[in-house]
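**Student:** Here my numbering is used: the first residue of the sequence shown is 1, the next is one more, and so on.
Even glycine gets a Cβ: it sits at the ideal position worked out from N, Cα and C.
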Amino acid sequence: MYFKEGKYHDAIEYCKKSLIICLENLLFDHPFIADCYEFLSIIYRYDGEIAEASKLMEIAIEQRLKEAPANQIKLGYSYLNLGELWADTYHHREALNYYRKAEKIWCQHLPKLDTRFVILYAAIGYVYGHVKSDFIVAGGYLEKALEIEVNLLKTFLKKDSILLGHLYNALGENYCNRGKYMEALTCYEKSSAIYDYYLSPLHIDWFNLFSLIDLCQRELEKYSLSITYHEKALDILLNQKSVSQNKELIGATYGNITAVHVLNGLYRKAINYFEKEINIRSEIISDHSVGFIVTYSNLGNAYLSINDYSTALKYLNMALDISKETLPKYHETLSSLYNNLGILYKEQGKLDQAIEYFQLSLEVQLHCLSPERPSLVSSYNNLACTYASMLNYDKSVKNFEDALAIFHKHEELNNPKRFKRQSNIDIIRR
1 MYFKEGKYHD AIEYCKKSLI ICLENLLFDH PFIADCYEFL SIIYRYDGEI AEASKLMEIA
61 IEQRLKEAPA NQIKLGYSYL NLGELWADTY HHREALNYYR KAEKIWCQHL PKLDTRFVIL
121 YAAIGYVYGH VKSDFIVAGG YLEKALEIEV NLLKTFLKKD SILLGHLYNA LGENYCNRGK
181 YMEALTCYEK SSAIYDYYLS PLHIDWFNLF SLIDLCQREL EKYSLSITYH EKALDILLNQ
241 KSVSQNKELI GATYGNITAV HVLNGLYRKA INYFEKEINI RSEIISDHSV GFIVTYSNLG
301 NAYLSINDYS TALKYLNMAL DISKETLPKY HETLSSLYNN LGILYKEQGK LDQAIEYFQL
361 SLEVQLHCLS PERPSLVSSY NNLACTYASM LNYDKSVKNF EDALAIFHKH EELNNPKRFK
421 RQSNIDIIRR
């Protein structure tokens with residue numbers, strides 16, 4: 001009861017009492033003992049105590065291995081849960097290791113069409129997408145999970161399920177990360193139709209969906225639509241029963257609204273939203289934690305846009321320092337930071353430093369993204385323009401051509417910007 005109500009400290013106390021009773025009255029290998037450790041681990045995870053949750057899940061696994069005979073299905077679940085805990089802390093190798101153990105066990109004891117495989121493959125897809133930024137492999141696992149769920153629904157003569165809605169959400173996000181924005185929006189439409197049937201208008205899952213749609217609209221440069229979906233997402237958060245538990249999400253949403261205002265050229269308005277975000281986030285996390293990376297990055301970008309270079313450099317470097325300490329070497333966030341630093345140095349006329357950061361940004365993108373992702377256009381274009389300013393026309397033309405080649409492959413990007421780049425190439429060649 002306390003767990004469902006989000007009262008995790010109370011839930012932990014009662015679960016500990018239950019565990020003590022089990023240890024005092026049951027045989028050492030009784031399955032209830034492992035169940036207690038596992039449930040206690042899950043509560044700690046929801047309470048944000050990842051280290052304690054991991055420790056308890058490892059004990060739960062040790063207990064399950066003592067059982068005679070061991071419950072292989074539950075053992076697989078324990079491996080899955082421990083993998084998710086490793087994924088929460090960006091340890092993708094450890095996470096995948098436990099997911100593989102769960103997969104191996106379940107392949108031996110479960111039919112191919114089983115919901116547990118849907119959950120497992122979605123979790124593997126999450127690691128490849130969110131932790132390793134390998135969106136192509138992630139998409140493969142998400143499509144595999146979706147295929148199993150669709151076939152299961154057909155078997156039971158059902159049209160859809162809430163799990164199917166979540167899978168369309170995840171696949172839509174994956175398409176967006178790969179630059180396939182129209183496919184992403186199609187997935188979100190399917191997810192929305194399912195949510196309309198299963199969820200109340202203020203359910204927290206709507207927040208997740210609206211936030212994802214916003215990101216897609218932002219990439220398509222539809223900023224008014226982006227703000228609309230952000231405001232819908234924020235309204236859901238502010239109408240939850242416990243606003244205090246959602247402060248981090250509220251802060252992140254303020255940050256996303258700020259980012260759109262930056263893209264739309266409303267920099268002073270953006271900085272005001274940054275103040276709201278920082279005030280909320282500072283109540284719950286250290287200002288040097290991973291949660292401030294995007295905040296500092298966007299704030300630096302806002303100051304860059306009003307030509308306050310020293311303040312911009314301060315915040316971008318703060319974001320970069322935290323990113324290098326907490327994120328993998330090839331992570332999209334680092335690419336964005338390198339790009340913004342490149343822009344800053346270019347506007348200051350420090351072209352060699354600008355090239356260095358633009359190249360770092362491109363290196364990260366080429367390592368973790370599809371080589372045809374539309375966001376690469378900006379990277380190639382920045383390099384091309386900077387090389388042109390340095391009178392290095394051969395390299396400038398090469399990068400303009402790389403940008404134009406990607407434009408040709410994406411119908412949604414075939415707009416006047418394409419012809420501007422073609423004109424740039426023609427001018428330099430003369």
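Any contact between the segment 155-164 and the segment 176-189? By contact I mean 3 or more CB pairs, one from each, below 8 Å.
**Tutor:** Cβ pair count under 8 Å is below three, so no.
**Student:** When we look at the beta-carbon of D214 and count the other beta-carbons within 10 Å, is it buried (16 or more) or exposed?
**Tutor:** Here residue 214 corresponds to residue number 214 of the sequence shown, with the count starting at 1. Classification for D214: buried.
**Student:** Please list, in chain order, all residues of the same chain as I33 whose beta carbon is under 7 Å from its beta carbon, the five residues on each side excluded.
**Tutor:** For the purposes of this step, residue 33 is taken as residue 33 along the sequence shown, with counting starting at 1. Taken in chain order, the residues that qualify are C22, L23, L26, Q63.
**Student:** Could you check the C-alpha separation between W86 and F3 for me, to the nearest Å?
**Tutor:** For the purposes of this step, residue 86 is taken as the residue at position 86 of the sequence shown. For the purposes of this step, residue 3 is taken as the residue at position 3 of the sequence shown. One C-alpha to the other measures close to 22 Å.
**Student:** Please state the DSSP three-state secondary structure of Q240.
**Tutor:** By 1-based counting over the sequence shown, the position of residue 240 is 240. Note: Q240 maps to coil in three-state DSSP.
**Student:** Is it a yes or a no for the segment 385-405 touching the segment 338-353, going by three-plus beta-carbon pairs under 8 Å?
**Tutor:** Yes, they touch.
**Student:** For L19, which residues of its own chain have a beta-carbon under 6 Å away from its beta-carbon, when the five flanking residues on both sides are left out?
**Tutor:** Numbered from 1 along the sequence shown, position 19 holds the residue referred to as residue 19. Result list for L19: C36, in chain order.
**Student:** Would the segment 253-268 count as touching the segment 230-242 if we require 3 or more Cβ pairs under 8 Å?
**Tutor:** Segments in contact, yes.
**Student:** Please say whether S226 and V260 have beta carbons closer to each other than 7 Å?
**Tutor:** One-based indexing of the sequence shown puts residue 260 at position 260. One-based indexing of the sequence shown puts residue 226 at position 226. Yes.
**Student:** If you compare alpha carbons, which of F210, A122, Y267, L202 is closest to L171?
**Tutor:** As a position in the sequence shown, residue 171 is number 171, starting the count at 1. Checking every option, the nearest Cα to that of L171 belongs to A122.
**Student:** Taking the straight line between their C-alpha atoms, what separation do you get for K346 and C176?
**Tutor:** Translated into the one-based positions of the sequence shown, residue 346 becomes position 346. Translated into the one-based positions of the sequence shown, residue 176 becomes position 176. Answer to the nearest angstrom: the Cα atoms are 29 Å apart.
**Student:** Determine the closest residue to A270 out of I306, Q240, E248, with distance taken between C-alpha atoms.
**Tutor:** Locating residue 270 in the sequence shown gives position 270, where the first residue counts as 1. Ranking the options by Cα distance to A270, first place goes to I306.
**Student:** Just confirm the distance between the C-beta atoms of E381 and A405, as a whole number of angstroms; I'd bet it's less than 8 Å.
**Tutor:** For the purposes of this step, residue 381 is identified with residue 381 of the sequence shown, where counting begins at 1. For the purposes of this step, residue 405 is identified with residue 405 of the sequence shown, where counting begins at 1. Note that residue 381 is Asn in the sequence shown here, rather than Glu. That pair is no contact at about 12 Å.
**Student:** By Cβ distance below 6 Å, which residues in the same chain neighbour Y315 in space, the five residues on each side in sequence not counted?
**Tutor:** Position 315 of the sequence shown, counted from the start, is the residue given in the question as residue 315. Answer for Y315: Y296, L299, G300, listed in chain order.
**Student:** Just to confirm before moving on: does the CB-CB distance between N151 and L202 stay below 7 Å?
**Tutor:** Here residue 151 refers to the residue found at position 151 of the sequence shown. Here residue 202 refers to the residue found at position 202 of the sequence shown. No, these two residues do not count as a Cβ contact at 7 Å.
**Student:** What is the DSSP secondary structure of K101, reduced to helix, strand or coil?
**Tutor:** Here residue 101 is taken as the residue at index 101 of the sequence shown, counted from 1. K101 falls in the helix class under three-state DSSP.
**Student:** Between the alpha carbons of S289 and I322, how many angstroms are there, rounded?
**Tutor:** Taking the sequence shown and counting its residues from 1, the one referred to as residue 289 is at position 289. Taking the sequence shown and counting its residues from 1, the one referred to as residue 322 is at position 322. Rounded to whole angstroms, S289 to I322 spans 7 Å at the Cα level.
**Student:** Which runs of the alpha helix (DSSP H) at least 4 residues long sit entirely within the segment 127-209? Give them in chain order.
**Tutor:** You should have 135-155, 162-177, 181-198.
**Student:** Which term fits H109, buried or exposed, when burial requires 16 or more other beta carbons within 10 angstroms of its beta carbon?
**Tutor:** As a first step, residue 109 must be located in the sequence shown, where it is residue number 109. Its Cβ having fewer than 16 others within 10 Å, H109 is exposed.
**Student:** What separation, rounded to the nearest whole angstrom, lies between the Cα atoms of K7 and P111?
**Tutor:** By 1-based counting over the sequence shown, the position of residue 7 is 7. By 1-based counting over the sequence shown, the position of residue 111 is 111. Using only the alpha carbons, I get a separation of about 37 Å.
**Student:** Output yes or no for whether 7 Å exceeds the beta carbon distance between L304 and A312.
**Tutor:** Within the sequence shown, residue 304 is the residue found at index 304, counting from 1. Within the sequence shown, residue 312 is the residue found at index 312, counting from 1. Going by C-beta atoms, L304 is nearer than 7 Å to A312.
**Student:** So, for Y267: in the same chain, excluding its five sequence neighbours on each side, which residues have a beta-carbon less than 7 Å away from its beta-carbon?
**Tutor:** Position 267 of the sequence shown, counting from 1, holds the residue named residue 267. Cβ neighbours of Y267 beyond the five flanking positions: A302, S305, I306.
**Student:** Excluding the 5 residues preceding and the 5 following T258 in the sequence, name in chain order all residues of the same chain whose CB lies nearer than 6 Å to its CB.
**Tutor:** On the sequence shown, residue 258 is found 258 positions in, with the first residue counted as 1. Closer than 6 Å at the Cβ level, and outside the excluded window around T258, lie A270, Y273, F274, N298.
**Student:** Is the separation between the beta-carbon of Y357 and that of Y338 shorter than 7 Å?
**Tutor:** One-based indexing of the sequence shown puts residue 357 at position 357. One-based indexing of the sequence shown puts residue 338 at position 338. Yes, the pair counts as a contact, with Cβ atoms nearer than the cut-off.
**Student:** Can you list, in chain order, the residues of its chain whose CB lies under 7 Å from that of E277, leaving out five sequence neighbours each side?
**Tutor:** The residue you call residue 277 lines up with position 277 of the sequence shown. So the list reads G251, Y254, G255, T258, T295, once near-sequence residues are dropped.
**Student:** Grouping DSSP H, G and I as helix and E and B as strand, with all else coil, what is T89?
**Tutor:** Walking along the sequence shown from the start, residue 89 turns up at place 89. In the structure shown, T89 sits in coil (DSSP, three-state: anything other than H, G, I, E or B).
**Student:** Report, in whole angstroms, the separation of the C-beta atoms of Y128 and V137, which I expect to be a contact under 8 Å.
**Tutor:** Here residue 128 is taken as the residue at index 128 of the sequence shown, counted from 1. Here residue 137 is taken as the residue at index 137 of the sequence shown, counted from 1. At roughly 5 Å, the Cβ-Cβ gap stays under 8 Å, so Y128 and V137 are in contact.
**Student:** Suppose you measure from the CA of Y229 to the CA of F210; what does that come to, to the nearest Å?
**Tutor:** Residue numbering aside, residue 229 sits at position 229 when the sequence shown is read from its first letter. Residue numbering aside, residue 210 sits at position 210 when the sequence shown is read from its first letter. Spanning the two alpha carbons is a distance of roughly 5 Å.
**Student:** Where does L238 land, buried or exposed, given buried means 16+ other C-beta within 10 angstroms?
**Tutor:** Residue mapping note: residue 238 aligns to position 238 of the sequence shown, counting from 1. Exposed, because fewer than 16 other Cβ atoms sit within 10 Å of the Cβ of L238.
**Student:** Can you name, in chain order, every residue of its own chain whose Cβ lies under 6 Å from the Cβ of K66, other than the five neighbours on each side?
**Tutor:** Your numbering for residue 66 matches position 66 in the sequence shown. Counting only Cβ-Cβ distances below 6 Å, and skipping sequence neighbours, we find D29.
**Student:** Indicate the three-state DSSP secondary structure (helix, strand or coil) for S423 in the structure shown.
**Tutor:** For the purposes of this step, residue 423 is identified with residue 423 of the sequence shown, where counting begins at 1. For S423, the predicted structure reports a pLDDT of 47, less than 50, and the residue's modelled location is therefore unreliable. The matter cannot be settled from this model.
**Student:** Helix, strand or coil for D10 per DSSP?
**Tutor:** Position 10 of the sequence shown, counted from the start, is the residue given in the question as residue 10. Three-state DSSP puts D10 in a helix.
**Student:** Confirm, please, whether the CB-CB distance from E173 to L199 is below 7 Å.
**Tutor:** If you number the sequence shown from 1, residue 199 lands on position 199. If you number the sequence shown from 1, residue 173 lands on position 173. Contact flag unset, no.
**Student:** Between the alpha carbons of Y393 and L360, how many angstroms are there, rounded?
**Tutor:** Position 393 of the sequence shown holds residue 393. Position 360 of the sequence shown holds residue 360. Cα to Cα, Y393 sits roughly 20 Å from L360.
**Student:** For E325 and G291, which I take to be in contact (beta-carbon distance under 8 Å), what is that distance rounded to the nearest angstrom?
**Tutor:** Position 325 of the sequence shown, counting from 1, holds the residue named residue 325. Position 291 of the sequence shown, counting from 1, holds the residue named residue 291. Their Cβ separation, rounded to whole angstroms, is 13 Å, which puts E325 and G291 out of contact at 8 Å.
**Student:** So which of S224, K190, S282, R281 has the shortest CA-CA distance to G265?
**Tutor:** By one-based count along the sequence shown, residue 265 stands at place 265. For the residues S224, K190, S282, R281, the minimum Cα distance to G265 belongs to S224.
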